[in-house]
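2 protein chains.
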Amino acid sequence: MNQNNYCVIMAGGVGSRFWPYSRNHRPKQFLDFFGTGRSLLQQTVDRFRPIVPIENILIVTNIMYRDVILEQVPDLRPEQILCEPARRNTAPCIGYAVAHISARTDKANIVVAASDHLILQEDEFHRVITTGLEFVEKNDVLLTLGMKPTRPETGYGYIQKDNGKGIMDNVPDGICKVKTFTEKPNLELAKVFVESGEFLWNSGIFLWNLQAIRRAFRAFQPVIADAFKAGEHMMGSPEEIDYIQRVFPTLPSISVDYGIMEKAQNVFVMEASFGWSDLGTWGSLYSLGDKDENGNVSLKSDALFYNSKGNIVTLEPGKLAVINGLEDCIVAEADGVLLICKQQDEQFIRQMVADVEIKYGGKFN
Amino acid sequence: MNQNNYCVIMAGGVGSRFWPYSRNHRPKQFLDFFGTGRSLLQQTVDRFRPIVPIENILIVTNIMYRDVILEQVPDLRPEQILCEPARRNTAPCIGYAVAHISARTDKANIVVAASDHLILQEDEFHRVITTGLEFVEKNDVLLTLGMKPTRPETGYGYIQKDNGKGIMDNVPDGICKVKTFTEKPNLELAKVFVESGEFLWNSGIFLWNLQAIRRAFRAFQPVIADAFKAGEHMMGSPEEIDYIQRVFPTLPSISVDYGIMEKAQNVFVMEASFGWSDLGTWGSLYSLGDKDENGNVSLKSDALFYNSKGNIVTLEPGKLAVINGLEDCIVAEADGVLLICKQQDEQFIRQMVADVEIKYGGKFN
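Sequence order for the protein chains is A and B. Each residue of the first sequence is one higher than the one before, starting from 1 at the first, in the numbering used here. Each residue of the second sequence is one higher than the one before, starting from 366 at the first, in the numbering used here.
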């Protein structure tokens with residue numbers, strides 16, 4: 001294992017999309033969605049263990065999730081959990097982690113990933129990440145992983161490949177320059193993207209070496225770069241928390257995609273295919289779940305279906321659902337709340353959660 | 366209060382119609398359906414307290430429910446709970462209670478009622494029962510209560526009134542002879558019944574004096590009469606249980622309606638109206654529940670409905686249901702089972718319960 005490999009796992013999300021299964025105090029990354037016994041965060045950490053020394057794994061999160069992370073991943077030391085005092089999107093988050101690594105070393109190959117995505121083919125994931133880290137170790141590039149699309153998904157951004165390899169030699173197969181990043185397309189456009197063969201799903205997994213990402217921050221996000229440069233000597237010291245508390249909230253809220261990747265010229269994409277999903281919606285969970293002959297999915301508990309089709313059910317393990325005459329619904333129960341919602345109205349869940357917050361003052365949020 | 370008034374409450378039902386809310390170990394009569402803090406059995410006992418001395422209340426049930434009854438009605442003495450060793454419908458059940466009363470007295474006015482019905486207007490109920498008990502105290506009649514129908518219900522049997530008062534004088538207003546008992550009608554016939562003004566719902570509430578019902582048993586159910594006559598001297602003694610264990614299962618399984626009321630000539634009906642329901646179906650619960658502007662009912666827990674109508678929801682108190690895009694369904698959750706079922710398929714619940722029994726071996730039954 002390359003001792004210069006580092007991993008930054010972003011675990012600050014508070015998503016309400018899986019309410020009532022996810023809650024403010026227990027967002028998606030800390031849940032065991034598929035009843036495997038490991039939360040998405042635990043699976044993410046486990047996935048990097050063969051590639052990155054455990055002491056080189058950093059998790060960036062909100063202070064309120066610090067304890068649950070230490071509980072779920074007990075072999076992390078507390079100083080490996082970086083706590084954001086405010087939500088400022090991914091660029092300041094990554095800037096903070098980069099400053100932390102800079103305080104320890106000047107030579108690091110870094111992979112950045114979300115804590116709440118699903119990856120089914122771990123061996124292929126390991127091969128891709130290892131190849132990518134070796135590539136970025138030797139080159140001043142910003143590498144992103146692009147997932148070979150399997151359907152015209154409208155929930156993802158897309159990356160358009162450039163046919164050339166740029167001016168570099170020895171670029172491994174599967175890696176090429178990026179022509180453009182795109183926003184989430186409508187269905188028609190997504191179909192064109194997939195058929196063209198030129199577009200990949202933007203996975204939000206980034207790889208680069210320490211000096212390349214520092215240069216990119218200095219060039220495109222100087223405010224963030226300067227803030228962390230000024231605080232770099234405090235990283236890992238008792239002054240770190242105070243400094244971050246004071247400075248972090250003043251930083252611009254901007255994504256690394258928009259703030260750096262779309263602006264830089266040395267951006268490459270590595271085409272990959274390892275059963276990835278961002279688990280962004282009930283629909284994505286439904287598409288991944290084992291279906292009975294009528295297309296019903298039960299994620300964690302037993303279920304009997306009668307005259308029903310296309311439903312996704314998640315109750316607590318050990319419970320039983322008996323369902324008659326229901327179609328295309330989400331049925332989710334957790335901690336005193338039962339949600340029944342047509343899958344097509346999934347985007348409406350946020351509004352329902354807001355209504356519940358207003359009516360019950362956080363009791364069920 | 367007339368110290369000769371007795372009450373027999375039948376509480377042996379095991380109904381699966383309200384599964385998963387009702388269970389084998391916790392049938393309907395022991396449940397607090399409306400979140401009032403009192404089970405249907407407790408409400409039934411409470412309803413008779415102003416009319417019948419507490420020591421004259423007998424409850425006939427299955428041995429497995431003895432403890433829950435003593436727990437729910439702690440001022441009953443254990444010998445007031447009569448335990449049937451087998452289910453033999455209502456005639457042997459009532460015969461057993463009559464034998465018990467005969468062992469204590471030769472003068473009693475008895476009202477027989479189910480333990481799991483709902484009565485909304487208690488004052489009117491008290492007036493009707495008191496009037497009825499006074500009538501049967503003085504007359505050799507078998508009196509049944511007929512409920513003035515409010516809709517063409519197909520779930521009830523009907524009683525057709527006779528215009529005359531028979532040969533008796535001094536029959537109170539509202540009491541008349543019975544022409545016929547009918548089975549549950551289809552909807553068309555039920556409409557005719559209701560429009561005619563001659564038909565009443567058969568409530569299963571009976572009133573008679575001790576000698577009248579003993580005579581009726583001797584005349585129409587001699588096997589049952591003889592069995593309890595032979596055991597009458599053991600009632601209330603240590604031999605009672607052994608005797609009942611031995612003899613009760615040998616008795617014919619027959620209802621008091623079919624076995625006595627339809628055969629006897631001295632049958633009267635008292636027309637009454639006190640907000641009665643047998644709570645026989647989810648549909649009957651639905652029709653009784655408070656509805657929001659879209660006809661949704663939540664019995665015990667909070668619920669928010671969106672684009673939904675005509676649903677009945679019962680979760681445990683303190684829980685919250687959030688429901689979007691659901692119509693005319695039953696949503697019931699209890700003890701690890703969630704049932705979602707179209708109301709029109711309610712009769713199908715028995716089959717589902719049987720399937721669950723086969724698949725999970727009683728774990729959820």
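Glycine residues also receive a C-beta, built at the ideal position from the N, C-alpha and C atoms.
Review point. Is A:Ser253 helix, strand or coil when you go by DSSP?
Key: coil
Check your understanding: For B:Asn528, does the count of other Cβ atoms within 10 angstroms reach 16, so buried, or fall short, so exposed?
Key -> exposed
**Study point:** Span of the beta strand (DSSP E) around B:Asp667
**Key:** Asp667 to Tyr671
**Study point:** Interface partners of A:Tyr306 on chain B, CB under 9 angstroms
**Key:** Cys706, Asp710, Phe713, Gln716, Met717 and Asp720
Check your understanding: Between the stretch 439–455 of chain B and the stretch 468–475 of chain B, do three or more beta carbon pairs fall short of 8 angstroms?
Key -> no
Check your understanding: Among residues of its own chain, excluding the 5 on either side of A:Gly325, which ones have a beta-carbon nearer than 8 angstroms to its beta-carbon?
Key -> Tyr306, Asn307 and Ser308
Point to revise | Start-to-end residues for the beta strand (DSSP E) that takes in A:Lys161 | key: Tyr158 to Lys161
Review point. In chain order, what residues of the same chain lie with their CB nearer than 8 angstroms to the CB of B:Ala451, ignoring the 5 residues before and after it?
Key: Phe613 and Pro614
Review point. Name the residues in the stretch 308–340 of chain A whose C-beta lies less than 8 angstroms from a C-beta of chain E; which are they?
Key: No chain E appears in the structure shown, which is made up of the protein chains A and B.
Review point. With which residues is A:Ala321 paired in a DSSP beta bridge?
Key: A:Ala303 and B:Leu703
Point to revise | Spatial neighbours of B:Gly675 in its chain, beta-carbon cut-off 6 angstroms, leaving aside the 5 residues before and after | key: Gly660, Glu692 and Asp693
Review point. Among all the DSSP beta bridges, which residues are the ones paired with A:Leu145?
Key: A:Met270
Check your understanding: In the DSSP assignment, what are the bridge partners of A:Leu58?
Key -> A:Val8
Check your understanding: Does the stretch 586–599 of chain B come close enough to the stretch 629–637 of chain B that 3 or more CB-CB pairs lie under 8 angstroms?
Key -> no
Check your understanding: Under a three-way DSSP split, which group does A:Lys309 fall into?
Key -> strand
Practice item. Look at the Cβ atom of A:Ala11, then the Cβ atom of A:Met235, and state whether they are nearer than 7 angstroms. Key: no
Practice item. Indicate whether at least one CB of chain B lies closer than 7 angstroms to the CB of A:Phe18. Key: no
Check your understanding: Shortest alpha-carbon distance to B:Val731 belongs to which of B:Phe558, B:Arg580 and B:Gln486?
Key -> With chain B represented from 366 up to 730, any question about residue 731 of chain B goes unanswered, as that position is not in the structure.
Exercise for review: With DSSP as the reference, label B:Phe571 as helix, strand or coil.
Suggested key: strand
Check your understanding: Under a three-way DSSP split, which group does A:Thr281 fall into?
Key -> coil
**Study point:** Helix, strand or coil at A:Phe48 according to DSSP, with G and I counted as helix
**Key:** helix
Review point. Where does B:Ala456 land, buried or exposed, given buried means 16+ other C-beta within 10 angstroms?
Key: buried
Review point. Just curious, the beta strand (DSSP E) that B:Ala478 is in, first and last residue?
Key: Asn474 to Ala479
Check your understanding: Could you give the distance in angstroms between the alpha-carbon of B:Pro682 and the alpha-carbon of B:Cys448?
Key -> 32 angstroms
Check your understanding: Between A:Val8 and A:Leu58, is the Cβ-Cβ spacing less than 7 angstroms?
Key -> yes
Point to revise | CA nearest to the CA of B:Leu508, picked from B:Val425, B:Ala577 and B:Ser642 | key: B:Ala577
Check your understanding: Can a CB atom of chain B be found closer than 7 angstroms to the CB of A:Phe181?
Key -> no
Check your understanding: What residue range is occupied by the uninterrupted beta strand (DSSP E) comprising B:Ile434?
Key -> Here B:Ile434 belongs to no beta strand (DSSP E); instead the alpha helix (DSSP H) covers Arg431 to Gln437.
Practice item. For A:Phe364, decide whether its Cβ has a neighbour in chain B, counting only Cβ atoms nearer than 7 angstroms. Key: yes
**Study point:** Closest Cα partner of A:Glu153 within the set A:Glu183, A:Leu133 and A:Phe135
**Key:** A:Glu183
Exercise for review: Rank B:Val718, B:Lys724, B:Ile446 and B:Gly726 by C-alpha distance to the C-alpha of B:Trp384 and give the top, closest one.
Suggested key: B:Val718
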